[in-house]
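Asks: One structure, as structure tokens, below. Some questions next.
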Amino acid sequence: MTHPIVEHVRRMGPSLSVGLMSADLMALGNDVARLEQAGVPLAHVDVMDGCYVPMLTVGPPFIKAVTTTMIKDVHLMVREPLASIGDYVAAGAELVTIHPDACVHPHRVLQQLGTMKQARTPGRSVARGVALNPGMPVDMLDPLMDDVELIMLVAINPGWGGQAFIPATLGRIEAVRAKIAASGRDVLLAVDGGVTRQNIGQLAGRGVDIVVTGSAVFDGDMAANVADMTRALRAVSP
Ligand code: DX5
Ligand code: ZN
Numbered sequence: 003m004t005h006p007i008v009e010h011v012r013r014m015g016p017s018l019s020v021g022l023m024s025a026d027l028m029a030l031g032n033d034v035a036r037l038e039q040a041g042v043p044l045a046h047v048d049v050m051d052g053c054y055v056p057m058l059t060v061g062p063p064f065i066k067a068v069t070t071t072m073i074k075d076v077h078l079m080v081r082e083p084l085a086s087i088g089d090y091v092a093a094g095a096e097l098v099t100i101h102p103d104a105c106v107h108p109h110r111v112l113q114q115l116g117t118m119k120q121a122r123t124p125g126r127s128v129a130r131g132v133a134l135n136p137g138m139p140v141d142m143l144d145p146l147m148d149d150v151e152l153i154m155l156v157a158i159n160p161g162w163g164g165q166a167f168i169p170a171t172l173g174r175i176e177a178v179r180a181k182i183a184a185s186g187r188d189v190l191l192a193v194d195g196g197v198t199r200q201n202i203g204q205l206a207g208r209g210v211d212i213v214v215t216g217s218a219v220f221d222g223d224m225a226a227n228v229a230d231m232t233r234a235l236r237a238v239s240p
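Residues in the sequence shown are numbered from 3 upward in steps of one, following the working numbering.
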């Protein structure tokens, strides 16, 4: 059965998930409202623990404080998240993405997430994502395919926004698409990091369902950036 968040994205077409850590944190409510008005379907929160990745960002209180109609897409760059996933879900995380190389038992973390319900829509289960850094082989996904709703290729080495897109990601997209097709399940494919107004076009037509973008959206006219990037992502080659 297709997960409602997967269905929602399928209905919208390839979509942006915008990284809130790149917003003006002194005027976050205003930026969130403007993202909603611009039609952005997902709000991406980069949780960094200062251990799995060098930077330290925000946790459940931040996720709870953000009130929005957008889907709360929480990217956990956290070592051993098993003990804390319940806190993120209770704070409103609706799509929770983990890094399998940060967990001794990634399958158990996904199983556990699969039992959790969304705080805003209690009857509805949380959508589960698995993220792979550029140095991780895509075959890591094989034992996890039955327990994911999203696979996210991180196109930079995570830690901060504004880094350059690693071109080898394009080949990895093909490999992950093949794995999704072979699984027979309806799984979203996301790319996170280094996507700009200039290079988003190269992701169009490649089967990427969600593009996570931070700095590029907040550089200049946000609404125009969202519209331009969404259009470029959805463009079909002639
Ligand atoms: C990487 C994060 C990203 C990323 C997005 O550590 O997971 O979500 O920084 O920011 P940009 O689009 O600026 O690369
Ligand atoms: Zn992220």
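Think of the CB as a built atom: it goes at the ideal place given N, C-alpha and C, for glycine as much as any other residue.
According to DSSP, simplified to helix, strand and coil, what is Asp188?
Replies: Three-state DSSP puts Asp188 in coil, outside helix and strand.
Asks: In whole angstroms, what is the alpha-carbon distance linking Met72 and Ala218?
Replies: Each residue's Cα considered, the two are about 19 angstroms apart.
Asks: In whole angstroms, what separates the C-alpha of Lys66 from that of Ala93?
Replies: So the two alpha carbons sit approximately 5 angstroms from each other.
Asks: Specify, as a first and last residue, the run of the beta strand (DSSP E) that Met243 falls within.
Replies: Nothing about residue 243 can be reported from this structure: the residues present for the chain run from 3 to 240 only.
Asks: Near Gly88, which residues of its chain fall below 6 angstroms by C-beta distance, leaving aside the five closest residues on each side in sequence?
Replies: Here the set comprises nothing.
Asks: Using only alpha-carbon positions, find the residue among His107, Arg126, Thr4 and Val189 that is nearest to Leu152.
Replies: Closest option to Leu152, Cα to Cα, is Val189.
Asks: Quick check: what's the CA-CA separation for Met142 versus Val128?
Replies: Using only the alpha carbons, I get a separation of about 22 angstroms.
Asks: What's the gap between the Cα of Tyr54 and the Cα of Ala25?
Replies: Looking at the two C-alpha atoms, the distance is approximately 23 angstroms.
Asks: In the DSSP assignment, find the unbroken beta strand (DSSP E) run with Asp75 in it and report its ends.
Replies: That run of the beta strand (DSSP E) goes Ile73 to Met79.
Asks: Specify, as a first and last residue, the run of the alpha helix (DSSP H) that Thr232 falls within.
Replies: Run containing Thr232: Met224 to Arg236, per the alpha helix (DSSP H) assignment.
Asks: For Asn135, count the other beta carbons within 10 Å of its own beta carbon; 16 or more makes it buried, fewer makes it exposed. Which is it?
Replies: Per the 10 Å Cβ criterion, buried.
Asks: Taking just the CA atoms, how far does Met14 sit from Leu22?
Replies: Between Leu22 and Met14, the C-alpha separation is close to 21 angstroms.
Asks: Identify whether Asp194 lies in helix, strand or coil by the three-state DSSP scheme.
Replies: Looking at Asp194 - three-state DSSP - the assignment turns out to be strand.
Asks: Using a threshold of 8 angstroms, state whether the C-beta atoms of Met224 and Ala35 are closer than that.
Replies: No, Cβ-Cβ distance for Met224 and Ala35 is not below 8 angstroms.
Asks: Might you give, ordered along the chain, the residues of its own chain that have their beta carbon closer than 8 angstroms to the beta carbon of Ala237, omitting 5 neighbours on each side?
Replies: Closer than 8 angstroms at the Cβ level, and outside the excluded window around Ala237, lie Gly203, Ala206 and Gly207.
Asks: Can you give me the C-alpha to C-alpha distance between Gln165 and Ser19, rounded to a whole angstrom?
Replies: About 17 angstroms.
Asks: At which residues does the beta strand (DSSP E) containing Arg130 begin and terminate?
Replies: Its beta strand (DSSP E) spans residues Ala129 to Leu134.
Asks: Can you grab the Cα-Cα spacing for the pair Met79 / Thr215, in whole Å?
Replies: About 16 angstroms.
Asks: Sort His101, Trp162 and Thr123 by Cα distance to Pro6 and report the nearest one.
Replies: Minimum Cα distance to Pro6 is reached at Thr123.
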